[in-house]
Amino acid sequence: MSGIFRKIIRAGGSRLAIKAYKSMPLVGTAVVIGLVGYEIKKKGLFKGIVNTALDATPVIGVTKNAIEVITGDWLADKQEIPKEPKQS
């Protein structure tokens, strides 16, 4: 009896793993699109959109991020303008 249950659980687990594997590109793309506002604020309009578009593409985004771990950002953040303190 336990052999049958073990086979059922194993088959169900493998089906669940296959479904999760197939949905990963969609989940990753949704996360990247959700972060587009942060990227635009950090990098500027054009660089933020380009960076998000590259990250949202499944194979290109993974490759770009793997290379950026070693080399650093391809698209640099925008320069912050130092704010002068207000005089009262």
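Each residue of the sequence shown is one higher than the one before, counting from 30 in the working numbering.
Ideal Cβ positions, reconstructed from N, Cα and C, are used throughout, including at glycine.
None of the values given here were measured: they were computed from a predicted structure.
On a CA-only basis, which of Phe34, Ala40, Ala85, Leu104 is nearest Val65? Give me that one, please.
Against the sequence shown, residue 65 aligns to sequence position 36. Ranking Phe34, Ala40, Ala85, Leu104 by Cα distance to Val65 puts Ala85 first.
For chain C, find out if any of its Cβ atoms is closer than 9 Å to the Cβ of Leu104; answer yes or no.
Given the protein chain composition of this structure (a single chain), no chain C is represented.
In its own chain, which residues sit with a C-beta less than 7 Å from the C-beta of Pro54, not counting the 5 before and 5 after it?
The residue labelled residue 54 in the question sits at position 25 within the sequence shown. Pro87.
With three or more C-beta pairs closer than 8 Å as the rule, is the region 34-51 touching the region 59-77?
no
Do you know how far the Cα of Ser31 is from the Cα of Ile38?
On the sequence shown, residue 38 is found 9 positions in, with the first residue counted as 1. On the sequence shown, residue 31 is found 2 positions in, with the first residue counted as 1. C-alpha separation (whole angstroms): 11 Å.
Could you spell out where the alpha helix (DSSP H) holding Ile68 opens and where it closes?
For the purposes of this step, residue 68 is taken as the residue at position 39 of the sequence shown. Just to set this straight, residue 68 is Glu in the shown sequence, not Ile. Glu68 -> alpha helix (DSSP H) spans 65-72.
Can you give me the Cβ contacts of Glu68 inside the same chain, cut-off strictly under 6 Å, excluding the 5 residues immediately before and after it?
Along the sequence shown, read from residue 1 onward, the residue named residue 68 stands at position 39. Contacts found: Gly77, Asn80, Thr81.
Can you give me the start and stop residues for the alpha helix (DSSP H) that Pro111 sits inside?
Position 82 of the sequence shown, counted from the first residue, corresponds to residue 111. Note, Pro111: premise wrong, no alpha helix (DSSP H); not H, not E.
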